[in-house]
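Data first, discussion second: the structure below is written as structure tokens.
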């Protein structure tokens, strides 16, 4: 019987940062066929992955390699068929910002606080302060439709941070943005995570994004997905994209992907 | 603008035909005769109008309350969806004209049978768009709420219910257009007041112009209610009209 626990105490012993850990051991997950007669889809098979508290782990892989399934497993949105998933409570941030169009930026950012029954005024105050930290001063009352793509992702990230979860699952968070905004947002996210450390599992198909942001980059095989390579990015932050060490790592990651 | 010109042309043609053809005023009153009746019978029309307006307003209210409750119940439970949806569709095939006199026999000449008929007619157009909007709420939003630890009820209150509001207003707009017909029909089946009742009595009294005046008032009322709902939609749900900013 696959088990899932939500207690961070059971994570590997580490320096106590107050942050949660993620540990997947030999996890497999198969989905029933969508159409009658089609074969069931084996999304991940024999997948193992750990993220130590405060570590930023990036997962890269070809399209449809079960990256999204991996995050749903970590967030407890779905259970494994076999293997174990141990993860501190995690919040999910998707490629689409999923902001509620009828709520202002500040009320969107405060959504998780309101779910946790924080009183409206207090929730707005905390969300507003974070939005201003994120360079959105003056846009607190704006509706999502009035914000640019980058701004909306920043609101969505504020909402994710305010959920109080110490583990963040980021599912191709910037894939919907144009190339220039995407680079800006990657640098911005690196800064935001430096200021407010979290345990992060970042799923992306952008190898450069993975190298620039992560402490460790895992390469996944095509479906059914499992981890085929693990690269440590031992480069101090803030990082520069043109750093020869990063460029070399990117080449290695791409080679592993093509293998 | 073109609608106004067309309307004036039609009215002019009607007026000319009524005056020049020598047709009897009881068969086809001229627009000016209707306007005259509108003015002469204003207190009679007004007192009957308040009765019918009350039936329409309260009947819509009943339909909205029941319709929203029904849509929410169906949305929450697949069992109820299978059990209730066919019944709902079936309820729309009930020939109102036939059961209206029955309802009057059961509940008398008062307000109750009118409310039942207006609600029965208006209920379905509210349920369908509301349920549709509830069902179309992005599945990823529910997942997001679950990672925040939201209960099913919190997800409904914070995400699904607001997302369904445009559907509710669409339903209300559809209903308001047919509520007046339902109220008139209910009054024809048995009543002692109301614009439908007035029309019924005016024809045998050769007061055709008064009957036309009553129809005019009822149409104007429906148009006004519709405009009010459209205004409410623009004011309360401005986000529903803006293009979605999100990329699929």
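Residue numbers (my numbering), protein chains in the order written: chain A, 40 to 298; chain B, -16 to 231.
From the three backbone atoms N, C-alpha and C, an ideal C-beta is built for every residue, glycine too.
Residue interval of the beta strand (DSSP E) (run including residue 256 of chain A): 255 to 259
Three CB pairs or more closer than 8 angstroms across the region 95 to 104 of chain B and the region 159 to 178 of chain B: yes
Cα-Cα separation between residue 204 of chain A and residue 250 of chain A, rounded to whole angstroms: 24 angstroms
Contact under 7 angstroms by Cβ, residue 150 of chain B with residue 108 of chain B: no
Contacts of residue 222 of chain B in chain A (Cβ-Cβ under 7 angstroms): 140, 141, 182 and 184
The region 162 to 176 of chain A: positions lying closer than 7 angstroms to chain B by Cβ: none
Beta-carbon proximity list for residue 197 of chain A, same chain, < 7 angstroms, skipping 5 on both sides: 148, 166, 169, 170 and 173
Separation of residue 215 of chain A from residue 103 of chain A, as counted between CA atoms: 17 angstroms
Beta-carbon proximity list for residue 84 of chain B, same chain, < 6 angstroms, skipping 5 on both sides: 172
Proximity test, Cβ basis, 7 angstroms: residue 346 of chain A and chain B: Residue numbering for chain A in the displayed model covers 40 to 298; residue 346 of chain A lies beyond these limits and cannot be assessed.
Residue ranges of each alpha helix (DSSP H) within the region 130 to 174 of chain B, 4 or longer: 135 to 138 and 144 to 171
Reduced DSSP secondary structure (H/G/I, E/B, other) of residue 205 of chain A: coil
Neighbourhood of residue 47 of chain B by C-beta distance below 7 angstroms, restricted to the same chain and skipping five residues each side: 109 and 155
Close-in-space but distant-in-sequence residues of the same chain around residue 208 of chain A (CB under 6 angstroms, 5 per side omitted): 110, 113, 114, 129, 131 and 240
Three-state secondary structure (DSSP) of residue 205 of chain B: helix
Residue interval of the beta strand (DSSP E) (run including residue 70 of chain A): 61 to 70
Delimiting residues of the beta strand (DSSP E) encompassing residue 84 of chain A: 80 to 90
DSSP bridge partner residues for residue 145 of chain A (one or two, in chain order): DSSP output for residue 145 of chain A lists no bridge partner at all.
Closest Cα partner of residue 158 of chain B within the set B:-10, B:40 and B:203: B:40
Residue-chain proximity (residue 80 of chain A, chain B), Cβ-Cβ < 7 angstroms: no
Cβ-based neighbour list, residue 95 of chain A, same chain, cut-off 7 angstroms, excluding 5 preceding and 5 following: 232, 239, 241, 252, 253 and 254
Neighbouring residues, chain B, relative to residue 116 of chain A (Cβ below 8 angstroms): 126, 129 and 130
Reference residue -4 of chain B; option with closest CA among B:9, B:13, B:8 and B:-14: B:13
Residue closest to residue 100 of chain B, alpha-carbon to alpha-carbon, out of B:116, B:180, B:129 and B:38: B:38
Distance CB(residue 81 of chain A)-CB(residue 65 of chain A) smaller than 7 angstroms: no
Neighbour flag for residue 137 of chain A against chain B, beta carbons, 7 angstroms: yes
Contact set between residue 236 of chain B and chain A, taken where Cβ atoms lie within less than 8 angstroms: Absent from the structure is residue 236 of chain B, since the part of chain B shown begins at -16 and ends at 231.
is_contact[residue 202 of chain A, chain B] using C-beta, thresh 7 angstroms: yes
Per-residue contacts from residue 131 of chain A into chain B (C-beta, under 8 angstroms): 126, 127 and 130
4 or more residues per run - each alpha helix (DSSP H) lying fully within the region 73 to 127 of chain B: 79 to 90 and 94 to 118
Beta-carbon spacing of residue 141 of chain B, residue 220 of chain B below 7 angstroms: no
Three-state secondary structure (DSSP) of residue 107 of chain A: helix
Paired residues, beta bridge with residue 95 of chain A - DSSP: A:239
CB-CB length for residue 244 of chain A against residue 145 of chain A, believed under 8 angstroms: Rounded, the Cβ-Cβ distance is 32 angstroms, inconsistent with contact.
Candidates B:-11, B:10 and B:79: closest to residue 232 of chain B by CA position: Absent from the structure is residue 232 of chain B, since the part of chain B shown begins at -16 and ends at 231.
Cβ of residue 145 of chain B within 7 angstroms of any chain A Cβ: yes
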